[in-house]
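All remarks here apply to the structure that follows.
Residue numbers (this note's numbering): 9 to 346.
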């Protein structure tokens, strides 16, 4: 044992000495290559390989003194179009989930339009998001969003007029919290599936005017459609909550339309009738999905919820929510939002 240790120590010392000697010598070739390599002068000049990457070593920031992590999906052909500004989505996972699971839940990368967005998947601190009673009160997720957005905009070629937020469950509830905050101002529209709305329990709990999309299953046992006590606090009745957003965004000009059955789901849309200028058509849009539980609704039944949460009735192929999100985001930008 002693001989082994002595040999290992000798090898380590020799390696360290060799490294120091090598470091002391001028690396003329390395210096020349470094000098010749063009350095990025703007966010559109950074290289990003297409596809999804959530490696903590390269996808992290410090926000409010806390290390935070995230994943990013980069569209095909991104680095072949450095002059193109790409739309951006921040997509928030549910409690206990991960960026990769949300990537496989919303599946923007499989959607014809969604695959042409840069999509950021933030990681919740202790796998949850601000607003629920079970989260860490010392963590400011709204500041994290602001800090992360600043980093993404400084390293990716992003269209500042087309920035959006989506999420599911606790992550969806946080999207609502974001929508109700000043930190949500850079976002053009907000989409949520089965959101845990712990911070939005009355008309007066939020004063922002936003474009809001929501889908909710009628047999959701985690975040009940009719509200009541939840795991992280009191929850509102979804129909009532939708009406609040109509009043916040449109005021007295809110005009509500309730559809008939559309094949297993109904739609409630709210338009702001304006006396001058164009109406804000369907600025609040809600899908009430029958025979569906605590899910990001999928028409194929092959997203993460459908494959991994059979107890939550997520395999019912009724509504392609991702495609509805794309429709909604296509309708709003920084110039057309309320």
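Note that the Cβ used here is the ideal one computed from N, Cα and C, for glycine as well.
Fair warning: this is a prediction, and the values are worked out from it, not measured in the lab.
Cβ contact (3+ pairs, closer than 8 Å) linking the stretch 51-65 and the stretch 133-145: no
Euclidean distance between Cα positions of residue 262 and residue 208: Sequence index remark: in the chain shown, residue 262 carries index 254 (1-based). Sequence index remark: in the chain shown, residue 208 carries index 200 (1-based). Rounded to the nearest angstrom, the two C-alpha atoms are 20 Å apart.
Assigned exposure category for residue 48 - 16 Cβ within 10 Å defines buried: As a first step, residue 48 is located in the chain shown; it is residue number 40 there, counting from the start. Exposed is the call here.
Endpoints, the alpha helix (DSSP H) within which residue 180 is located: Within the chain shown, the letter at position 172 stands for residue 180. Element bounds for residue 180: 178-187.
Distance CB(residue 276)-CB(residue 266) smaller than 8 Å: Taking the first residue of the chain shown as 1, we reach residue 276 at position 268. Taking the first residue of the chain shown as 1, we reach residue 266 at position 258. Yes, these two residues count as a Cβ contact at 8 Å.
Beta strand (DSSP E) segment containing residue 253, residue limits: As a working note, residue 253 is residue 245 in the chain shown. Here residue 253 belongs to no beta strand (DSSP E); instead the alpha helix (DSSP H) covers 246-258.
Per DSSP, cross-strand counterpart(s) of residue 201: The residue you call residue 201 lines up with position 193 of the chain shown. Bridge partners of residue 201: 176 and 223.
DSSP-derived helix/strand/coil call for residue 276: Against the chain shown, residue 276 aligns to sequence position 268. The answer is strand: DSSP assigns residue 276 an E or B state.
Residue 353, buried or exposed, once every other Cβ within 10 Å from all chains shown has been counted against 16: Examination of residue 353 is not possible in this model, given that the chain is present from 9 through 346 alone.
Option nearest residue 229 by Cα separation, candidates 248, 321 and 76: On the chain shown, residue 229 is found 221 positions in, with the first residue counted as 1. It is 321.
Cα-Cα separation between residue 106 and residue 285, rounded to whole angstroms: Residue numbering aside, residue 106 sits at position 98 when the chain shown is read from its first letter. Residue numbering aside, residue 285 sits at position 277 when the chain shown is read from its first letter. Approximately 43 Å between the Cα atoms of the pair.
Test item: CB-CB of residue 196 and residue 219 under 8 Å: Taking the first residue of the chain shown as position 1, residue 196 is located at position 188. Taking the first residue of the chain shown as position 1, residue 219 is located at position 211. In contact: residue 196 and residue 219 (Cβ atoms closer than 8 Å).
Reduced DSSP category for residue 265 - H, G, I as helix; E, B as strand; rest coil: Reading the chain shown from its first residue, position 257 is the one you call residue 265. Residue 265 falls in the strand class under three-state DSSP.
Cβ-based burial, residue 296 [other Cβ within 10 Å; buried from 16]: Numbered from its first residue, the chain shown carries residue 296 at position 288. Buried, by the Cβ-count rule.
Short CB-CB distance (under 8 Å) between residue 134 and chain C: Considering every chain present, this structure includes no chain C. It has just one protein chain.
Cβ pair count under 8 Å reaching 3, the stretch 233-241 against the stretch 297-311: no
Classification of residue 203 by the beta-carbon crowding that lies within 10 angstroms, buried from 16 upward: Position 195 of the chain shown, counted from the start, is the residue given in the question as residue 203. Flag for residue 203 reads buried.
Which of helix, strand or coil DSSP assigns to residue 98: Within the chain shown, the letter at position 90 stands for residue 98. Three-state result, residue 98: strand.
Limits of the unbroken beta strand (DSSP E) element including residue 332: For the purposes of this step, residue 332 is taken as residue 324 along the chain shown, with counting starting at 1. It is not in any beta strand (DSSP E) - residue 332 instead sits in the alpha helix (DSSP H) that spans 329-339.
Residues that DSSP places opposite residue 213 in a beta bridge: Sequence index remark: in the chain shown, residue 213 carries index 205 (1-based). Residue 213 is not bridged to any residue.
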